[in-house]
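Trainee: The numbering used here applies: residue 3 is where the sequence shown begins, and numbers increase by one.
All C-beta atoms, glycine included, are put in the ideal place defined by N, C-alpha and C.
Only a predicted model underlies this, so the values are computations on that prediction, with no experimental measurement involved.
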Amino acid sequence: PGYGDTIAMAASVAARFGQPMTRGYDLGCSLGSTLLSMASAAPASMTWTGVDTSQAMLSRCHDRLTRRLRGPKWALRCEEIQRTSVEDASLVALNFTLQFVPVDQRLELLERIAQGLVPGGVLMMSEKLLLDEQRAQGVISELHLDFKRRNGYSELEISQKRTALEDTLIPETESTHHERLQRAGFQWSVTWMRSLNFASILAFRDG
């Protein structure tokens with residue numbers, strides 16, 4: 003829910019906060035949708051790096067970027083984002099990726115991102131959220147299931163996806179994310195988009 007809007011609005015984030023002659027990163031880039039959105043609106047002198055662990059996904063991403071991203075320089079890396087070096091960046095995207103990183107490795111990853119941002123740099127981080135109150139979580143979870151059904155998912159597909167993600171996608175509360183971002187070295191953060199239990203946060207490195 004809200005994924006399309008999040009990707010589309012990434013261009014606005016890039017137009018406002020991208021800085022000339024800096025770097026942009028899409029960590030967990032998948033098919034490169036966030037990278038394409040940001041690069042379309044960011045300063046043309048920025049260079050871009052997409053990172054993913056799936057070589058098959060990166061091959062498809064490479065084809066998309068080759069067709070659609072003709073101006074800025076870009077490169078793709080097949081590696082775990084925990085090993086990615088972030089340097090001289092004004093924009094970093096971490097869209098629905100942190101939730102798959104082991105919880106005990108998340109702070110170190112965010113610290114590395116914060117240290118790699120130039121003054122004024124921004125992290126755009128989108129995640130599935132765990133709600134603080136159990137009753138509220140139940141209501142939102144049921145509405146999310148309704149969303150899937152309206153978009154053509156069968157009950158079998160819903161069940162299979164739940165099983166596949168059960169031990170790999172570990173969501174956290176919104177407050178946990180904001181507190182960790184502050185500990186990682188970001189001066190402040192704000193939840194700027196939200197749909198059901200999915201949200202996007204902007205975290206700022208002022209200096």
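Quick check on the burial criterion: 16 or more other C-beta atoms within 10 angstroms. Buried or exposed for PHE200?
Mentor: Flag for PHE200 reads buried.
Trainee: What does ALA201 pair with, by DSSP beta-bridge criteria?
Mentor: Beta-bridge pairing links ALA201 to GLU129, ARG196.
Trainee: Closer than 8 Å by C-beta to VAL124: which residues in its own chain qualify, once you throw out the five before and the five after it? Chain order, please.
Mentor: Around VAL124: VAL15, PHE19, SER92, LEU93, VAL94, LEU204, ALA205, PHE206, ARG207.
Trainee: Output needed for ALA166: all residues of its chain with C-beta closer than 7 Å, excluding positions within five of it in sequence on either side, in chain order.
Mentor: Unreliable positioning characterises ALA166 in this predicted model, as indicated by a pLDDT of 47, which lies under 50. The coordinate reading is nonetheless provided below. Same-chain partners within the cutoff: there are none.
Trainee: Assuming LEU198 contacts ILE115 under a Cβ cut-off of 8 Å, what Cβ separation, rounded to an integer in Å, is found between them?
Mentor: About 26 Å; that fails the 8 Å criterion.
Trainee: Is GLY73 closer than 9 Å to ALA43 when the C-beta atoms are compared?
Mentor: Taking 9 Å as the Cβ cut-off, ALA43 and GLY73 do not qualify as a contacting pair.
Trainee: What does the Cβ neighbour count give for LEU37, buried or exposed, with the cut at 16 atoms within 10 Å?
Mentor: Per the 10 Å Cβ criterion, buried.
Trainee: In the DSSP assignment, the alpha helix (DSSP H) including LEU112 goes from what residue to what residue?
Mentor: LEU112 -> alpha helix (DSSP H) spans 105-118.
Trainee: Please name the residue, chosen from SER47, GLU174, ARG152, ASP106, that lies closest to GLU135 on a Cα-to-Cα basis.
Mentor: The residue with the shortest Cα to Cα distance from GLU135 is GLU174.
Trainee: As a quick exercise: from LEU100, GLN57, THR68, THR51, pick the residue whose alpha carbon is nearest that of THR178.
Mentor: Residue LEU100 is the option with its Cα nearest to THR178.
Trainee: Just to check my reading of the structure: THR24 and VAL120 have Cβ atoms closer than 8 Å, yes? What is that Cβ distance to the nearest angstrom?
Mentor: THR24 to VAL120, Cβ: 6 Å. Contact.
Trainee: Under DSSP, the alpha helix (DSSP H) around ASP65 begins and ends at which residues?
Mentor: 57-70 is the extent of the alpha helix (DSSP H) around ASP65.
Trainee: Going by the beta-carbon positions, is the gap between VAL53 and ARG69 smaller than 9 Å?
Mentor: Result no, Cβ atoms of VAL53 and ARG69 do not sit closer than 9 Å.
Trainee: Between which residues of its own chain and LEU112 is the CB-CB distance below 7 Å, once the five residues before and five after are set aside?
Mentor: Within the same chain, LEU112 has close Cβ partners ARG182, LEU183, ALA186.
Trainee: Since SER128 contacts SER202 with CB under 8 Å, what's their CB separation in whole angstroms?
Mentor: With 8 Å as the limit, SER128 and SER202 qualify as a contact, their Cβ atoms being about 4 Å apart.
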